[in-house]
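S.K.: Going by this note's numbering, the sequence shown opens with residue 1369, and the numbers climb by one from there. Provided herewith is a single structure, encoded as structure tokens, for subsequent inquiry.
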Amino acid sequence: MNPYVLMILLSSPGLGTTLTFASSHWLLAWMGLEINTLAIVPLMAQHHHPRAVEATTKYFLTQATAAAMILFASTTNAWITGEWDMNNMSNPLASTMVMTALALKIGLAPMHFWMPEVLQGLDLLTGLILSTWQKLAPLALIMQTSQAIDPHLLTALGLMSTLIGGWGGLNQTQLRKILAYSSIAHMGWMIIVLQYAPQLTLLALGTYIFMTSAAFLTLKLSSITKINTLAITWSNSPILTTTTALVLLSLGGLPPLTGFMPKWLILQELAKQGLPLTATVMALAALLSLYFYLRLCYAMTLTISPSTTNSITPWRTQTTQTSLPLTISTTIALGLLPVTPAILMLAT
1369 MNPYVLMILL SSPGLGTTLT FASSHWLLAW MGLEINTLAI VPLMAQHHHP RAVEATTKYF
1429 LTQATAAAMI LFASTTNAWI TGEWDMNNMS NPLASTMVMT ALALKIGLAP MHFWMPEVLQ
1489 GLDLLTGLIL STWQKLAPLA LIMQTSQAID PHLLTALGLM STLIGGWGGL NQTQLRKILA
1549 YSSIAHMGWM IIVLQYAPQL TLLALGTYIF MTSAAFLTLK LSSITKINTL AITWSNSPIL
1609 TTTTALVLLS LGGLPPLTGF MPKWLILQEL AKQGLPLTAT VMALAALLSL YFYLRLCYAM
1669 TLTISPSTTN SITPWRTQTT QTSLPLTIST TIALGLLPVT PAILMLAT
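Set out below in structure tokens:
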């Protein structure tokens, strides 16, 4: 792809997200979401592979549907209340429609079916953009309108997402599908606590972005897309294999890694709000996710691929890819738990 075209396509999601962040008018927010969608479509289809084209078509149709629903809901709200302001969502039908559309945008269960299929058809870097950056604008809108949305709807979406995100990833062999279900589960954790402590939603989003970035960049560096291929990574890069296993456990939420921090604080907040049953279901759903992360760790670190030679290869393949983003995201994904009090102080 022409570098100038690539630069425009990569800067357009930044423009769209900034526009959505800065807007308090529904039409401007909708324009930002549309810029986001239209900018990533050429990046998704750039390989001209049938699977990439299929994934792009599915993504475009779901995002267009969600955008049309947002426009319809905001028009309905403007018709009833007389203004387009985002903070005045007094009509329950319009607010429920907006929440449903935004849930479809970010892939919350039960509107999650497009997410694994689309991610499976993309290359790892575009998949990383889809799993992280493309979530920011819809989540910002959800946070801005959360006070007008029925709390029971938010709780139901959060619980379903964590359960389906954990359940759906159990039987997968493709790593991109596993990361898609991981994304669905993490979105559930963010949504469930949104009505009680929005700062914890932001904290969970930040840690999710760094952990997912570390996972995707590692897979990109090693060119891995299936579980079977994980078994041969140890001979190419033993240190990378070790850090990848830790990043996966961090995604699962095991202490003393960064991923434990948002889960711990969210469960604590739910218990404070008098919702012990919800907190218990969330903790059990996290165990489902942890199982498939452990499965990946087992395939990567505890199994040896069949080999005809009896000696370990004395050379390592030198890569031309830049490793600084991977280093930074891995460090943050593994070591932030000790600074939890400082982060809490900044958040409150």
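Cβ coordinates follow ideal geometry from the N, Cα and C atoms, glycine included.
Going by other Cβ atoms of all chains shown within 10 Å of its Cβ, with 16 needed for buried, is L1525 buried or exposed?
M.R.: Residue numbering aside, residue 1525 sits at position 157 when the sequence shown is read from its first letter. Answer is buried; the Cβ neighbour count reaches 16.
S.K.: Classify H1416 as buried or exposed, calling it buried when 16 or more other Cβ atoms lie within 10 Å of its own Cβ.
M.R.: Looking up residue 1416 in the sequence shown gives position 48. Looking at its Cβ environment, which holds fewer than 16 other Cβ atoms inside 10 Å, H1416 is exposed.
S.K.: For a quick check, are the C-beta atoms of A1441 and A1462 less than 8 Å apart?
M.R.: On the sequence shown, residue 1441 is found 73 positions in, with the first residue counted as 1. On the sequence shown, residue 1462 is found 94 positions in, with the first residue counted as 1. Yes; because the gap between Cβ atoms is below 8 Å, this pair is in contact.
S.K.: Return the CA-CA distance between P1381 and E1402, expressed in angstroms with no decimal places.
M.R.: In the sequence shown, residue 1381 corresponds to position 13, counting from 1. In the sequence shown, residue 1402 corresponds to position 34, counting from 1. Each residue's alpha carbon lies about 9 Å from the other.
S.K.: Would you say T1424 and V1409 are within 8 Å of each other, going by their C-beta atoms?
M.R.: Here residue 1424 is taken as the residue at index 56 of the sequence shown, counted from 1. Here residue 1409 is taken as the residue at index 41 of the sequence shown, counted from 1. Result yes, Cβ atoms of T1424 and V1409 sit closer than 8 Å.
S.K.: Applying the 10 Å Cβ sphere with the 16-neighbour rule, what's the burial state of N1455?
M.R.: On the sequence shown, position 87 is the one that residue 1455 refers to. Classification for N1455: exposed.
S.K.: If you run the structure through DSSP and keep just helix, strand and coil, what is H1393?
M.R.: Position 25 of the sequence shown, counting from 1, holds the residue named residue 1393. In this structure, H1393 counts as strand in the three-state DSSP scheme.
S.K.: Between which two residues does the alpha helix (DSSP H) holding S1550 run?
M.R.: Along the sequence shown, read from residue 1 onward, the residue named residue 1550 stands at position 182. Taken as a continuous stretch (DSSP letters only), the alpha helix (DSSP H) holding S1550 covers L1543 to V1561.
S.K.: Please go through the same chain and pick out, in chain order, the residues whose beta-carbon is closer than 6 Å to the beta-carbon of A1572, but skip the five residues on each side of it.
M.R.: Along the sequence shown, read from residue 1 onward, the residue named residue 1572 stands at position 204. W1557, M1558 and P1630.
S.K.: What I want to know is whether the C-beta of N1456 ends up closer than 7 Å to one or more non-hydrogen atoms of the ligand FAD.
M.R.: Judged by which ligands are present, the structure shown has none, so any question about the ligand FAD falls away.
S.K.: Hey, out of T1580, S1379, W1482 and P1693, whose CA is closest to F1428's CA?
M.R.: Counting from one through the sequence shown, the residue named residue 1428 turns up at place 60. Residue W1482 is the option with its Cα nearest to F1428.
S.K.: Starting from Q1488, trace the alpha helix (DSSP H) both ways and give me its first and last residue.
M.R.: The residue you call residue 1488 lines up with position 120 of the sequence shown. Per DSSP, Q1488 belongs to the alpha helix (DSSP H) from W1482 to Q1488.
S.K.: Can you say whether R1419 is buried or exposed, counting buried as having 16 or more other CB atoms within 10 angstroms of its CB?
M.R.: Locating residue 1419 in the sequence shown gives position 51, where the first residue counts as 1. The residue in question, R1419, is exposed, as its Cβ has fewer than 16 Cβ neighbours within 10 Å.
S.K.: Give me the residue from R1544, Q1540 and V1561 with the minimum Cα distance to S1499.
M.R.: Here residue 1499 refers to the residue found at position 131 when the sequence shown is read from its first residue. When only C-alpha atoms are compared, the closest one is R1544.
S.K.: From S1605 to A1508, what does the alpha carbon distance come to, in whole angstroms?
M.R.: On the sequence shown, position 237 is the one that residue 1605 refers to. On the sequence shown, position 140 is the one that residue 1508 refers to. Using only the alpha carbons, I get a separation of about 39 Å.
S.K.: Compute the Euclidean distance between the alpha carbons of F1584 and L1521, then round it to the nearest angstrom.
M.R.: Locating residue 1584 in the sequence shown gives position 216, where the first residue counts as 1. Locating residue 1521 in the sequence shown gives position 153, where the first residue counts as 1. Cα to Cα, the separation comes out at about 31 Å.
S.K.: Can you list, in chain order, the residues of its chain with a C-beta nearer than 8 Å to that of T1569? Leave out the 5 residues immediately preceding and following it.
M.R.: Reading the sequence shown from its first residue, position 201 is the one you call residue 1569. Once the five neighbours on either side are set aside, the close Cβ partners of T1569 are L1507, M1511, M1558, I1559, V1561 and L1562.
S.K.: Measure the alpha-carbon distance for S1679 versus S1603 and round it to whole angstroms.
M.R.: Reading the sequence shown from its first residue, position 311 is the one you call residue 1679. Reading the sequence shown from its first residue, position 235 is the one you call residue 1603. Low per-residue confidence applies at S1679: pLDDT is 48, beneath 50, and the placement is therefore not dependable, though the value from the model is reported in the following sentence. Computed Cα separation, rounded: 10 Å.
S.K.: Within 10 angstroms of the Cβ of W1447, are there 16 or more other Cβ atoms? Answer buried if so, exposed if not.
M.R.: Counting from one through the sequence shown, the residue named residue 1447 turns up at place 79. W1447 comes out exposed.
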